[in-house]
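The numbering used here numbers the first residue of the sequence shown as 131 and each following residue consecutively.
Glycine is no exception: its CB is placed at the ideal position from the N, C-alpha and C atoms.
What follows is a single structure, written as structure tokens, with notes after it.
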Amino acid sequence: MNWTVAEVERLFALPFLDLLFAAQQVHREHHDARAVQLSTLLSIKTGGCPEDCVYCPQSVRHDAGVERETLLPPDALRELAEAAKAAGATRFCMGAAWRSPKQKDIEQVASMIREVRALGLETCATLGMLTPGQARQLKDAGLDYYNHNLDTSADYYGEIITTRSYQDRLDTLAAVRDAGLRVCCGGIVGMGESVRDRAALIATLASLPEPPESVPINRLVPVRGTPLADAPPLDPFDFVRTIAVARIVLPRATLRLSAGRETMSDELQALCFLAGAGSVFHGERLLTTGNPDVAHDRRLLERLGLIGGEVKLPHDAAA
Ligand code: SAM
Ligand code: DTB
Ligand code: SF4
């Protein structure tokens, strides 16, 4: 279904409980409301990124104290992927601080994908912009998902990144889709954007030729040394509203409660699940910042009667 930005904005304006109720109904229609998919994130190449994303501690333009590291060696990767699997994750996401990978990088990441797959984990990678040929090479290596976020609305985008355009992002998403990969694409809330920008981001995601299977909703992690270090804190209910609206507009997608959980209360996370979040990052680190510890997450899921593990996507069931 096509949504206009104004229609999506009207969802944001609903009374909070009405919005949550509508979102939970949509969630139950399309998903198992007790299931929470668990992915573990690993930075395979950290820091030194030439892009200027204002939120990101890995940009060379900001001094966030992130040590620059070269590509992770295969043995270390295998060990970390095994540990993620033992901790209950079903998907392993590899992130690299690149504007776009070089041919040599693609070959090395392809062998990492094969290693992770051999352990029986699903694979996801986020490596920056891709050409259609690179996307096909990753698909051939067995990659399941590619994460590439639009981050915000086309209108607000220029305030956040100047070194690549919104169209560049859409082109990468098209290359990923055309290669037969599943698309993981979402954004960040709390960067000073308006409700209209949030609505426009969600409407844009829904209007892609095929909407993403997976939609990360990140709450800005304000990192010292980045231009957004002192961004005013977001009203937690506005964060929950964003998830609920995404739930209604993208009914089949798995919504990922992504960055920002470390500073969320258990109660706020429970509201995010009620709004339709069906996935979290499992493991004490995101890329360069922290994430709740595994024991705490396990306990939280247990207290809420949620089940962490694999979640069948609706299109899998139909296949
Ligand atoms: N360099 C690649 C790229 O940007 O396409 C992949 C890695 S990049 C770190 C992946 C995503 O992490 C970004 O698109 C952004 O949405 C998210 N991210 C980065 N820093 C963040 C922060 N401080 N708070 C919330 N999300 C963040
Ligand atoms: C996404 O949307 N969020 C994840 C994942 N995709 C790669 C990254 C969050 C990064 C948070 C900041 C950091 O740890 O450096
Ligand atoms: Fe580089 Fe990605 Fe960070 Fe932007 S978000 S600076 S592209 S690592």
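- Task: Leaving out five residues on either side along the sequence, give the residues of the same chain with a beta carbon under 7 Å from the beta carbon of A194.
- Result: On the sequence shown, residue 194 is found 64 positions in, with the first residue counted as 1. Cβ neighbours of A194 beyond the five flanking positions: P187, V353, R354, G355, T356.
- Message: Tell me the residue span of the alpha helix (DSSP H) that contains Y276.
- Response: Start at 1 with the first residue of the sequence shown, and residue 276 comes out as number 146. Taken as a continuous stretch (DSSP letters only), Y276 belongs to no alpha helix (DSSP H), being part of the beta strand (DSSP E) at 275 to 277.
- Task: Output the distance between the C-alpha atoms of K442 and C254, rounded to the nearest integer angstrom.
- Result: For the purposes of this step, residue 442 is taken as the residue at position 312 of the sequence shown. For the purposes of this step, residue 254 is taken as the residue at position 124 of the sequence shown. Residue confidence is low: K442 scores 49 on pLDDT, short of 50, so the model does not pin down where it sits. Its coordinate-derived value is still stated next. Their Cα atoms are separated by approximately 16 Å.
- Query: Less than 7 Å between the CB of Q167 and some heavy atom of the ligand DTB, yes or no?
  - Reply: For the purposes of this step, residue 167 is taken as residue 37 along the sequence shown, with counting starting at 1. Not so, every heavy atom of the ligand DTB lies at least 7 Å from the Cβ.
- Query: So, helix, strand or coil for Q188, using DSSP?
  - Reply: Position 58 of the sequence shown, counted from the first residue, corresponds to residue 188. Residue state, collapsed to three classes: coil.
- Query: Going along the chain, which residues put their C-beta within less than 5 Å of some heavy atom in the ligand SF4?
  - Reply: C179, E181, C183, C186, Q188, S189, A227
- Item | For V166, the first and last residue of its enclosing beta strand (DSSP E) | As a working mapping, residue 166 is identified with position 36 in the sequence shown. Per DSSP, V166 belongs to the beta strand (DSSP E) from 165 to 175.
- Under the three-state DSSP convention, the category D365 falls into: What you label residue 365 is simply residue 235 of the sequence shown in a count that begins at 1. Note: D365 maps to coil in three-state DSSP.
- Task: Determine the DSSP secondary structure at A407, reduced to helix, strand or coil.
- Result: Translated into positions along the sequence shown, residue 407 becomes position 277. Reduced to three states, the DSSP call for A407 is strand.
- V239 Cβ short of 7 Å to the ligand SAM heavy atom set: Counting from 1 along the sequence shown, the entry for residue 239 is found at position 109. Result no, Cβ not under 7 Å from the ligand SAM.
- Contacts around A305, its chain only, beta-carbon distance under 8 Å, and the 5 residues preceding and following it disregarded: Here residue 305 corresponds to residue number 175 of the sequence shown, with the count starting at 1. Cβ neighbours of A305 beyond the five flanking positions: L260, T261, P262, Q264, A265.
- Counted within 10 angstroms of its Cβ, other Cβ atoms place H412 as buried (16 or more) or exposed: The residue you call residue 412 lines up with position 282 of the sequence shown. By the 10 Å Cβ count, H412 comes out buried.
- Short Cβ contact (8 Å threshold) for I373 with I347: The residue you call residue 373 lines up with position 243 of the sequence shown. The residue you call residue 347 lines up with position 217 of the sequence shown. Yes, they are a contact pair.
- Message: With a threshold of 7 Å (Cβ to nearest heavy atom), would I174 be considered close to the ligand SAM?
- Response: By 1-based counting over the sequence shown, the position of residue 174 is 44. I174: no, Cβ never under 7 Å from the ligand SAM.
- Item | In DSSP terms, what T452 is bridged to | There is no way to answer for residue 452, as the model of the chain reaches only from 131 to 449.
- Query: Which one of A240, I290, L280 has the shortest CA to CA distance from P341?
  - Reply: Within the sequence shown, residue 341 is the residue found at index 211, counting from 1. Comparing Cα-Cα distances from P341 to each of A240, I290, L280, the minimum goes to L280.
- Task: Check whether the Cβ atoms of G177 and V196 lie closer than 8 Å to each other.
- Result: Taking the first residue of the sequence shown as 1, we reach residue 177 at position 47. Taking the first residue of the sequence shown as 1, we reach residue 196 at position 66. Cβ atoms of G177 and V196: closer than 8 Å.
- Item | Distance between R349 and E450 (C-alpha atoms, nearest Å) | What the structure shows of the chain is the stretch from 131 to 449, and residue 450 is not part of that stretch, so it cannot be assessed.
- Query: For E137 versus V325, is the C-beta distance shorter than 8 Å?
  - Reply: Sequence index remark: in the sequence shown, residue 137 carries index 7 (1-based). Sequence index remark: in the sequence shown, residue 325 carries index 195 (1-based). Going by C-beta atoms, E137 is not nearer than 8 Å to V325.
- Task: Give the range of the alpha helix (DSSP H) segment to which E252 is assigned.
- Result: The count along the sequence shown starts at 1 and reaches residue 252 at position 122. Unbroken run through E252 is the beta strand (DSSP E), 252 to 256; no alpha helix (DSSP H).
- Task: Check whether the Cβ atoms of S173 and T418 sit closer than 8 Å, and answer yes or no.
- Result: What you label residue 173 is simply residue 43 of the sequence shown in a count that begins at 1. What you label residue 418 is simply residue 288 of the sequence shown in a count that begins at 1. Yes.
- Run the CB neighbour count on K234, radius 10 Å, all protein chains shown included, and call it buried at 16 or more, exposed below. Walking along the sequence shown from the start, residue 234 turns up at place 104. It counts as exposed.
- In its own chain, which residues sit with a C-beta less than 8 Å from the C-beta of E159, not counting the 5 before and 5 after it? The residue labelled residue 159 in the question sits at position 29 within the sequence shown. Correct list, in chain order: P381.
- Message: Could you check whether A211 and F222 sit closer than 8 Å to each other, using their CB atoms as the reference points?
- Response: Taking the sequence shown and counting its residues from 1, the one referred to as residue 222 is at position 92. Taking the sequence shown and counting its residues from 1, the one referred to as residue 211 is at position 81. In contact: F222 and A211 (Cβ atoms closer than 8 Å).
- Message: On a Cα-Cα basis, can you pick out the residue from M224, L257, K175 that is closest to R247?
- Response: Taking the first residue of the sequence shown as 1, we reach residue 247 at position 117. Looking at the Cα atoms, M224 is the closest of the given residues.
- Query: Start and end of the beta strand (DSSP E) containing G310?
  - Reply: Position 180 of the sequence shown holds residue 310. That residue, G310, is in no beta strand (DSSP E); it is neither H nor E in DSSP.
- In the DSSP assignment, what are the bridge partners of A226? The residue you call residue 226 lines up with position 96 of the sequence shown. According to DSSP, which records beta bridges pairwise, A226 is partnered with K175.
- Message: Less than 8 Å between the beta carbons of R371 and F142, yes or no?
- Response: As a position in the sequence shown, residue 371 is number 241, starting the count at 1. As a position in the sequence shown, residue 142 is number 12, starting the count at 1. For R371 and F142, yes; Cβs fall inside 8 Å.
- Message: Taking the beta strand (DSSP E) that G317 belongs to, which residues open and close that run?
- Response: The residue you call residue 317 lines up with position 187 of the sequence shown. 317 to 319 is the extent of the beta strand (DSSP E) around G317.
- Query: Going by the C-beta, is T334 closer than 7 Å to any heavy atom of the ligand SAM?
  - Reply: Locating residue 334 in the sequence shown gives position 204, counting from the first residue. Outside the cutoff, so no.
- Message: Just to confirm my understanding: we take A361, look at its own chain, exclude 5 residues before and 5 after, and list those with CB closer than 7 Å. What are they?
- Response: Here residue 361 is taken as the residue at index 231 of the sequence shown, counted from 1. These residues qualify, in order along the chain: G320, M321, G322, L350, P352.
- Query: In angstroms, rounded to a whole number, what distance separates the CA positions of L90 and S295?
  - Reply: Nothing can be reported for residue 90, as the shown portion of the chain is limited to 131 through 449.
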